[in-house]
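Protein chains: 2
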Amino acid sequence: MKPTKSIEDYLKAIYILSLKEKDVRMKDIAQLVSVKLPSATEAINKLIKNGYAKHSPYSDVTLTKKGEKIGKEIWNKHQILYKFLKEVLGISQDKAFREACLIEHFISDETREKLKKFIEKTLS
Amino acid sequence: MKPTKSIEDYLKAIYILSLKEKDVRMKDIAQLVSVKLPSATEAINKLIKNGYAKHSPYSDVTLTKKGEKIGKEIWNKHQILYKFLKEVLGISQDKAFREACLIEHFISDETREKLKKFIEKTLS
DNA sequence: TTCAAAAGTTAGGTTAACCTAATAAATAGG
DNA sequence: CCTATTTATTAGGTTAACCTAACTTTTGAA
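Read top to bottom, the protein sequences are chains A and B.
Just so we're aligned, residue 6 is where the first sequence starts under my numbering, counting upward by one.
Just so we're aligned, residue 6 is where the second sequence starts under my numbering, counting upward by one.
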């Protein structure tokens with residue numbers, strides 16, 4: 006039942022877009038995930054089938070509670086990893102961002118929490 | 006031309022096995038990578054096609070220079086991540102190992118080096 | 001208000017990585 | 001030295017995630 010890395014990427018993208026824009030469109034999701042539109046359509050249909058999102062054809066996409074929870078979690082892990090890579094290790098913004106995007110799918114909640122506390126302690 | 010995560014897993018496995026055993030056998034590779042034998046056969050053929058390994062049917066597997074370099078690199082990244090997770094963050098042995106196995110494919114050489122130096126500094 | 005451009009979907013195809021079942025080769029114990 | 005077991009390969013199939021090309025719906029500018 007655990008969502009795939011790809012599904013997590015879509016949920017994160019939709020979550021981020023929904024923070025900034027009134028309507029989240031297919032086009033924007035595809036762009037943010039770096040895929041073509043048909044791939045986004047297919048992926049969103051999978052999200053819907055699994056109860057992560059709602060969407061009717063040619064309309065905007067919204068997350069369910071369940072979908073939002075995961076999207077938010079991944080984005081949160083991303084931000085913590087980004088901060089660690091950039092501020093603790095001194096990796097450049099761009100590279101830190103890109104690596105955080107890859108690693109975010111693989112750290113446990115425990116690691117996220119411990120890393121968060123560790124960063125706070127280290128940077129104070 | 007960058008090897009896939011899966012290819013890296015096989016190269017790492019063969020590298021580790023070659024440190025301990027005279028002959029590296031398909032059976033052992035499959036077991037360490039957690040796949041069935043036919044999957045290992047298929048994967049090793051891909052390694053050969055890409056110049057990472059040598060192998061004749063029903064015989065042992067050896068890495069080329071190129072293959073060994075990558076296997077060793079991944080194992081090195083793994084060990085550094087493992088140490089960070091376990092000794093700096095305080096994650097349990099098992100969990101630290103499992104997470105290191107996932108993350109090892111995604112950190113750059115720069116991050117590996119900076120993380121290594123950071124661990125040394127922190128644990129001293 | 002219409003119609004061209006933009007956005008979205010559908011159809012059909014590719015690739016990587018895995019699997020099971022069947023087969024072949026190698027090896028080891030009686 | 002032969003045959004049962006173990007090891008390895010081949011054949012054929014599945015799934016997830018992507019793609020292009022073709023089609024449909026929506027939108028916005030003249």
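The C-beta atom is built at its ideal place from N, Cα and C for all residues, glycine as well.
Just so you know, these numbers come straight off a predicted model, no measurement behind them.
With DSSP as the reference, label residue i as helix, strand or coil.
{"i": "LYS7/B", "result": "coil"}
{"i": "HIS60/B", "result": "strand"}
{"i": "LEU86/B", "result": "helix"}
{"i": "GLU13/A", "result": "helix"}
{"i": "LYS41/A", "result": "coil"}
{"i": "GLU5/B", "result": "The structure shown has nothing for residue 5/B, since chain B only spans 6 to 129."}
{"i": "GLU47/A", "result": "helix"}
{"i": "GLU73/B", "result": "helix"}
{"i": "LYS27/B", "result": "coil"}
{"i": "ASN81/A", "result": "helix"}
Given residue i, which residues of its chain have a CB within under 8 Å of its CB, disregarding the five upstream and five downstream residues?
{"i": "LEU37/B", "result": "ALA18, ILE21 and LEU22"}
{"i": "ILE85/A", "result": "ARG117, LEU120, LYS121 and ILE124"}
{"i": "LYS10/B", "result": "HIS110"}
{"i": "LYS51/A", "result": "ILE12"}
{"i": "HIS83/B", "result": "LYS17, ALA105, CYS106 and GLU109"}
Roughly how many angstroms lie between the CA atoms of residue i and residue j, to the nearest whole one?
{"i": "ILE75/B", "j": "GLU125/A", "result": "35 Å"}
{"i": "LYS59/B", "j": "LYS88/B", "result": "32 Å"}
{"i": "TYR57/A", "j": "ASN81/A", "result": "18 Å"}
{"i": "ILE108/B", "j": "SER61/B", "result": "32 Å"}
{"i": "MET31/A", "j": "ARG103/A", "result": "23 Å"}
{"i": "ASP212/B", "j": "GLU26/A", "result": "Outside the shown range of chain B (6 to 129) lies residue 212/B, about which nothing can therefore be said."}
{"i": "CYS106/B", "j": "ASP65/A", "result": "38 Å"}
{"i": "LEU128/B", "j": "LEU94/A", "result": "15 Å"}
{"i": "GLU47/A", "j": "TYR63/A", "result": "14 Å"}
{"i": "LYS7/A", "j": "LEU68/B", "result": "35 Å"}
{"i": "ASP114/B", "j": "ILE112/A", "result": "19 Å"}
{"i": "ILE79/B", "j": "ILE53/A", "result": "37 Å"}
{"i": "ILE49/A", "j": "LYS100/A", "result": "28 Å"}
{"i": "VAL40/A", "j": "VAL40/B", "result": "30 Å"}
Taking DSSP's pairing of strands, which residues face residue i in a bridge?
{"i": "VAL66/A", "result": "HIS60/A"}
For the alpha helix (DSSP H) that residue i lies in, which residues bound it at each end?
{"i": "ASP33/B", "result": "31-38"}
{"i": "GLU115/A", "result": "114-127"}
{"i": "LYS100/B", "result": "98-108"}
So, for residue i: in the same chain, excluding its five sequence neighbours on each side, which residues have a beta-carbon less than 6 Å away from its beta-carbon?
{"i": "ASP33/B", "result": "LEU22"}
{"i": "ALA35/B", "result": "LEU42 and ALA45"}
{"i": "VAL29/B", "result": "ILE19, LEU22, SER23, ASP65 and VAL66"}
{"i": "LYS77/B", "result": "TYR20"}
{"i": "ILE96/A", "result": "LEU90"}
Leaving out the 5 sequence neighbours to the left and right, which residues in its chain are closer than 7 Å to residue i when beta-carbon positions are compared?
{"i": "GLN98/B", "result": "LYS91"}
{"i": "GLU73/B", "result": "TYR20"}
{"i": "ASN55/A", "result": "none"}
{"i": "LYS71/B", "result": "GLY56 and TYR57"}
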